[in-house]
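Undergrad: Chains A, B and C are the protein sequences, given in the same order. Residues 0 to 402 in numbering that gives the first Met the number 0 are what the first sequence lists, from first letter to last. Residues 0 to 317 in numbering that gives the first Met the number 0 are what the second sequence lists, from first letter to last. Residues 0 to 240 in numbering that gives the first Met the number 0 are what the third sequence lists, from first letter to last. Shown below is the structure under consideration.
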Amino acid sequence: MDSPLLRRLRRDLFATPLDGLISIVLVVALAASAAGLLHWALVQAQWAVIQANSTLFAVGRYPLDQQWRLWLLTILLAAATGLSWGLLRALPRPDRPARLWPFNDRLAAVLLAGLALGLPLLLRLGTAIQLRWWVITALLLLARWAAGRWGRRIPDPVRRWIPLIWPLLYLLGMVLISGGLGLVNVSPSEWGGLLLTLLEASFAILLCFPLGVLLALGRRSALPLLRWGAVLYIEFIRGAPLITLLFLGQNILGFLLPGGLAPERVWRAAWVLTFFAAAYVAEAVRSGLAAVPLGQLEAARSLGLAMPQALIHVVLPQALRVALPATVGQFITLLQDTTLLSLIGLLDLLGTARTVMANPAFLGKNAEVYLVLAVLFWGCCAALGLGSRALETRLNTHSTAKA
Amino acid sequence: MATAGLPWWRNRRLIPWLVQAGVGLAVLVLVAFLVTNLVRNLTAAGLLLSWSWLDNPAGFDIAETWLPFDAGLPYWRGLLAGLVNTLRVVVLGLVGSTLLGTLAGTASFSGNALLRSLARVYVEVIRNVPLLLQLVFWYFVVFLQLPNGSAAIQIPGLVLAKSGLYLGQPELVNGVWQASMRVSVEFGALLTGLVVYTGAFIAEVVRGGVAAVPAGQWEAARSLGFSPLQTLRSIVLPQALRAIVPGLNSQYISLAKNSSLAVACGYTDLYSVAETTLNQTGRAVEVVLILLGSYLVIDLTISALMNGLNQLVQLKER
Amino acid sequence: MIEARGVEKWYPNGFHALRGVDLTVEQGEVVVIMGPSGSGKSTFLRTFNALEDFQKGAITVDGITLSDDLRHIDAIRREVGMVFQQFNLFPHLTVLENLTLAPVLVRKLPKAEVQRRALDLLERVGIAEQAHKYPGQLSGGQQQRVAIARSLCMEPRILLFDEPTSALDPEMVQEVLEVMQGLARDGMTMVVVTHEVRFARQVAHRVVLMDAGVVVESAPPEQFFANPQHERSRQFLSQIS
């Protein structure tokens, strides 16, 4: 009777009478909540509010006849992701696992396929749209497989330019979304839902990073004017709630620029998010810079490297490695902060949710909508956090500087 | 060192000054450009910086205030009432989130595996879901779904109803709850949301602080016959405070800043009053200055108090 | 090769670290600078490649006078290599990349050529098989040998050593000193701040004793150790032996 399982149970849950009581109460409470939630989700909840509005949640009021542009962008993104992922595995480096299909990759592939198969069915999407998602996922996995298999055969000079597809794709994505180059213009006021959330978050993440690095360098600079300027900026931003800065962006930016130069509301918010996050990223990078011993800079300088060379090739690579977890943490916060756009009248995911629930047909379906959004955000943020932790352990396997 | 005849772009001593002068000049030009535009645009709109409008009657009501306020009182009274509302939720939020955070943080060291993982799940769920989403969830899904009248949730000394939260000796009079103390569900939702959210971060701070205490302290206390809970309370926590207090400071400040999301649950705080004021007066610059200034003062106050506490904690060590 | 005249330095806090130091180092000469801690010997060494600046006096290195001219500073740093007490290898780069970084970036040499030379140098300091490891995977003695090879890869005309063996475990000191001895044999001009008496006796052409920011004595090692001329030198020698 004294099986290891029983022994473990006793040690973990019933070590003392108090422990036992706590455990029993918790088990009962958890079981009751789980049963209640399950009952609600399967019987009471009316998921039609999600199913009927899936397009609105995905892209907002993006014109129907122009949505092919977003599909095209998704296809390109899937192909680029598969290609990069495969190449990462095909070209092993000392700091990467040498296997072509490590366990995590298999898990990710299965998860991806499962999501692509399951979600469209769950959301009761139309057959045509379902098919598209299946094709896109297949394309991603196919590109991953092909790049992993034949990545090594790509000649070196070509391979070196492959990372450039990402900035190019980003610019192309901007054109596809907003129009230009012969495409019909789609006004930013028609962007919404997940599209707007991802656009604002990616824009701010991409731009706040270099800005934050510059601010951090400024804050640690020997030149007093740069140092105090950076301190003033960082502390001012960190002292203010984001909503007041967004408020400032919407209401005062128009006064600060000559008439007509002020950007569209969507872009004003994106810039405010960027400048806001930069201050926080700067603090993360600053702690990374502080962790690099002064001797590193001295060694680089005594080898004849100019100051910018020493920073780019010696100091920053080490500092950014230390700052990585905190920086990704800021990116996660930034993604969450995009929900504040709904408070200044933009239709991001949360803003879209509010308009959906203002529709008499879906009045009072708050629980369903908010729960889905919460799961979506939780998934994205938890995945980012997990990725950052994995990257961190991998980078830490070879040494950090000795003081 | 010889410097004669040296061109400026190669002079080691000159370059730092030139860089600073260049950056300073660029910033100055930018600021001058912005301010010129601001003045020109504000003049054109007839909104040049002035504070006299603060004395005009506000013309709006605030549902729930500590300071007496009605539509006939001037704007500055309204903003002040909003500020007091903000302070109320911040102060209660600090207390609540500290309690919850300490509880969850110490629970992660419990001998009970279920309790441990529950604390972990709490932190991981809360930190990865946007606060604003949590606030609207608490408000619309939890507090606004509370039953009314005799169906309300009744705990001795406390009644939770859709019409509000009643404390003291609540009694039902003609189907309406009455008590010595009532707060609105808006306030309840905001406070709950802030406490639950900040509590998760504080739990992490507490966990980190306790983990930083050397394992030898636990062993020494255990060998002296302390129970795990006694060890935690009287040996480990006092030492962990050194690492915890600075972390608490930044969490408290973010709680104060996050309270500005009150508008999402319909609670009228400083930001919400400011927004209404701007919509009525168009005084964007003044309103934003008031907002930024107020939050800066709140942040600095919290920092100052926590720095005092920090010194107290660090000194005790000696 | 190096000509320092009346070098004086004050730290920003007012401390008078160097109080008029003179030193001449000939081509191919190995000069060992000794002295108690705080005597200014490391500070003095670091003025030669402008890691520290100074307020009075003049330093000429390889015919180039140190001044506020950035071009001169860059030129001197290219010609003068430095080995640090704490090695200061770049931990995020492999051993080979540590060696090739500066020649490729500063001298703009083709990468393949630099790599060949780097491997030769690693062979010479006895760690060719570690070329693709990261510094953190090497022992202290190996790291310091890599640091020497890294300096040599820039093909300097002068090498400065700032207490190169002070951070090493005792059993690793010898392997580093042997590398330095080999360099001296090959005619490299070297200025070494160290406490290693045996190295000073066997390798140095001249020993310089510094104390309180001035040169107290400068003599060939036989004379310096057997028959010091100054009271301060005798005191110092009795302390370290």
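Each residue gets a CB set at the ideal place from its N, CA and C atoms; glycine is no exception.
1. Please classify residue 110 of chain C: is it buried, with 16 or more other beta-carbons within 10 angstroms of its beta-carbon, or exposed?
2. Check residue 172 of chain B in the structure and name its three-state DSSP category.
3. Comparing the C-beta of residue 70 of chain C with each C-beta of chain B, is any distance below 7 Å?
4. Among the candidates A:282, A:182 and A:180, whose CA atom is the shortest distance from the CA of residue 230 of chain A?
5. Residue 297 of chain A: which of C:240, C:15, C:161 and C:19 sits nearest, CA to CA?
6. Using beta-carbon positions only, say whether residue 75 of chain B and residue 46 of chain B come within less than 7 Å of one another.
7. Should residue 77 of chain A and residue 128 of chain A be called a contact, given that it needs their Cβ atoms to be closer than 7 Å?
8. Along the alpha helix (DSSP H) that carries residue 180 of chain B, what are the first and last residues, could you check?
9. Once the 5 residues before and after residue 14 of chain B are set aside, which same chain residues still bring their CB inside 7 Å of it?
10. Could you please tell me which residues of the region 296-311 of chain A, in chain order, have their CB closer than 8 Å to any CB of chain C?
11. Between residue 133 of chain A and residue 115 of chain A, which are expected to be in contact by the criterion C-beta below 8 Å, what is the C-beta distance as a whole number of angstroms?
12. Under 7 Å, Cβ to Cβ, is there at least one residue of chain B near residue 185 of chain C?
13. Just to confirm my understanding: we take residue 102 of chain C, look at its own chain, exclude 5 residues before and 5 after, and list those with CB closer than 7 Å. What are they?
14. Mind checking which residues open and close the beta strand (DSSP E) that includes residue 30 of chain C?
15. Counting only beta-carbon atoms, is residue 207 of chain A nearer than 7 Å to chain B?
16. For chain C, find out if any of its Cβ atoms is closer than 7 Å to the Cβ of residue 1 of chain B; answer yes or no.
17. Does the beta carbon of residue 176 of chain A come closer than 7 Å to any beta carbon on chain B?
18. Along chain B, which residues have their Cβ under 8 Å away from the Cβ of residue 161 of chain C?
19. Thinking residue 312 of chain B and residue 241 of chain B are a contact (beta carbons under 8 Å), I'd like their distance in whole angstroms, please.
20. Give me the Cβ distance between residue 180 of chain B and residue 248 of chain B, rounded to the nearest whole Å; I'm assuming they're in contact under 8 Å.
21. How long is the line joining the alpha carbons of residue 275 of chain B and residue 64 of chain B, rounded to whole angstroms?
22. In chain order, which continuous runs of the alpha helix (DSSP H) of length 4 or greater are located wholly inside the region 211-280 of chain B?
23. Any beta carbon from chain B within less than 7 Å of residue 73 of chain C's own beta carbon?
24. Report all residues from its chain with a CB closer than 7 Å to the CB of residue 281 of chain B; omit the five preceding and five following residues, and keep chain order.
25. Is DSSP giving residue 239 of chain A helix, strand or coil here?
26. Going by DSSP in three states, residue 388 of chain A sits in which element: helix, strand or coil?
27. With a threshold of 6 Å on Cβ separation, who are the neighbours of residue 210 of chain A within its own chain once the five nearest residues in sequence on each side are excluded?
28. Among residues of its own chain, excluding the 5 on either side of residue 223 of chain A, which ones have a beta-carbon nearer than 8 Å to its beta-carbon?
29. Comparing the C-beta of residue 245 of chain C with each C-beta of chain A, is any distance below 7 Å?
30. Which residue or residues does DSSP assign as beta-bridge partners of residue 188 of chain C?
31. Using the beta-carbon of each residue, which ones in chain B are nearer than 7 Å to residue 238 of chain A?
32. Any beta-carbon of chain C closer than 7 Å to the one on residue 317 of chain B?
33. Helix, strand or coil: which one does DSSP assign to residue 56 of chain B?
34. Give me the DSSP bridge partner(s) of residue 177 of chain B.
35. Can you find a C-beta in chain A that's less than 7 Å from the C-beta of residue 146 of chain B?
36. Applying the criterion that 16 or more other CB atoms from any shown protein chain within 10 Å of the CB defines a buried residue, is residue 14 of chain C buried or exposed?
TA: Put simply:
1. Within the third sequence, numbered from 1, the residue matching residue 110 of chain C stands at position 111. It counts as exposed.
2. One-based indexing of the second sequence puts residue 172 of chain B at position 173. In the structure shown, residue 172 of chain B sits in a strand (DSSP, three-state: E or B).
3. Mapped onto the third sequence, residue 70 of chain C falls at position 71. Judged by the 7 Å Cβ criterion, residue 70 of chain C is in contact with chain B.
4. Locating residue 230 of chain A in the first sequence gives position 231, where the first residue counts as 1. The residue with the shortest Cα to Cα distance from residue 230 of chain A is A:282.
5. As a first step, residue 297 of chain A is located in the first sequence; it is residue number 298 there, counting from the start. Among C:240, C:15, C:161 and C:19, the Cα nearest to that of residue 297 of chain A is on C:161.
6. Here residue 75 of chain B refers to the residue found at position 76 of the second sequence. Here residue 46 of chain B refers to the residue found at position 47 of the second sequence. No. Outside cutoff.
7. In the first sequence, counting from the first residue as 1, residue 77 of chain A sits at position 78. In the first sequence, counting from the first residue as 1, residue 128 of chain A sits at position 129. Not a contact, by the Cβ cut-off of 7 Å.
8. Numbered from its first residue, the second sequence carries residue 180 of chain B at position 181. Note, residue 180 of chain B: premise wrong, no alpha helix (DSSP H); beta strand (DSSP E) at 180-182.
9. The sequence position of residue 14 of chain B within the second sequence is 15, counting from 1. None.
10. 297, 298, 299, 300, 301, 302, 303, 304, 305 and 308
11. Against the first sequence, residue 133 of chain A aligns to sequence position 134. Against the first sequence, residue 115 of chain A aligns to sequence position 116. 6 Å between Cβ atoms; contact.
12. Position 186 of the third sequence holds residue 185 of chain C. It does not; no Cβ of chain B falls within 7 Å.
13. On the third sequence, residue 102 of chain C is found 103 positions in, with the first residue counted as 1. Cβ within range, chain order: 108, 113, 152 and 153.
14. Here residue 30 of chain C refers to the residue found at position 31 of the third sequence. Note, residue 30 of chain C: beta strand (DSSP E), 29-33.
15. Taking the first sequence and counting its residues from 1, the one referred to as residue 207 of chain A is at position 208. It does not: the Cβ of residue 207 of chain A has no partner Cβ on chain B nearer than 7 Å.
16. Looking up residue 1 of chain B in the second sequence gives position 2. Confidence at residue 1 of chain B is low in this model, with a pLDDT of 46, below 50, so its placement is unreliable and no value can be given for it.
17. By one-based count along the first sequence, residue 176 of chain A stands at place 177. So, not an interface residue.
18. By one-based count along the third sequence, residue 161 of chain C stands at place 162. Residues of chain B passing the Cβ test: none, with the nearest at roughly 22 Å.
19. In the second sequence, counting from the first residue as 1, residue 312 of chain B sits at position 313. In the second sequence, counting from the first residue as 1, residue 241 of chain B sits at position 242. Confirmed, Cβ separation roughly 6 Å.
20. As a working mapping, residue 180 of chain B is identified with position 181 in the second sequence. As a working mapping, residue 248 of chain B is identified with position 249 in the second sequence. 31 Å between Cβ atoms; not a contact.
21. Mapped onto the second sequence, residue 275 of chain B falls at position 276. Mapped onto the second sequence, residue 64 of chain B falls at position 65. Their backbone Cα atoms lie some 16 Å apart in a straight line.
22. 214-222, 236-257 and 269-280
23. The residue given as residue 73 of chain C occupies position 74 in the third sequence. So no, residue 73 of chain C is outside the interface.
24. Against the second sequence, residue 281 of chain B aligns to sequence position 282. So the qualifying residues of the chain are 46.
25. Position 240 of the first sequence holds residue 239 of chain A. If DSSP states are grouped into helix, strand and coil, residue 239 of chain A belongs with coil.
26. To locate residue 388 of chain A, count along the first sequence from 1; it is residue 389. Of the three classes helix, strand and coil, the one that applies to residue 388 of chain A here is helix, per DSSP.
27. Here residue 210 of chain A refers to the residue found at position 211 when the first sequence is read from its first residue. Result list for residue 210 of chain A: 277, in chain order.
28. The residue labelled residue 223 of chain A in the question sits at position 224 within the first sequence. For residue 223 of chain A, where only same-chain residues beyond five positions count, there are no Cβ hits under 8 Å.
29. Coverage of chain C is limited to positions 0 through 240, which leaves residue 245 of chain C absent and any answer about it impossible.
30. The residue given as residue 188 of chain C occupies position 189 in the third sequence. According to DSSP, which records beta bridges pairwise, residue 188 of chain C is partnered with C:157.
31. For this step, residue 238 of chain A is matched to residue 239 along the first sequence. Those within 7 Å of residue 238 of chain A in chain B are 294, 295 and 298.
32. Taking the second sequence and counting its residues from 1, one reaches residue 317 of chain B at position 318. Annotation note: pLDDT 46 at residue 317 of chain B (below 50); position unreliable, coordinate value reported separately. Cβ-Cβ to chain C under 7 Å: no for residue 317 of chain B.
33. Translated into positions along the second sequence, residue 56 of chain B becomes position 57. If DSSP states are grouped into helix, strand and coil, residue 56 of chain B belongs with the strands.
34. Walking along the second sequence from the start, residue 177 of chain B turns up at place 178. Partner(s): B:170.
35. As a position in the second sequence, residue 146 of chain B is number 147, starting the count at 1. False, the Cβ-Cβ gap to chain A never drops below 7 Å.
36. Sequence index remark: in the third sequence, residue 14 of chain C carries index 15 (1-based). Residue 14 of chain C is exposed by the Cβ-count criterion.
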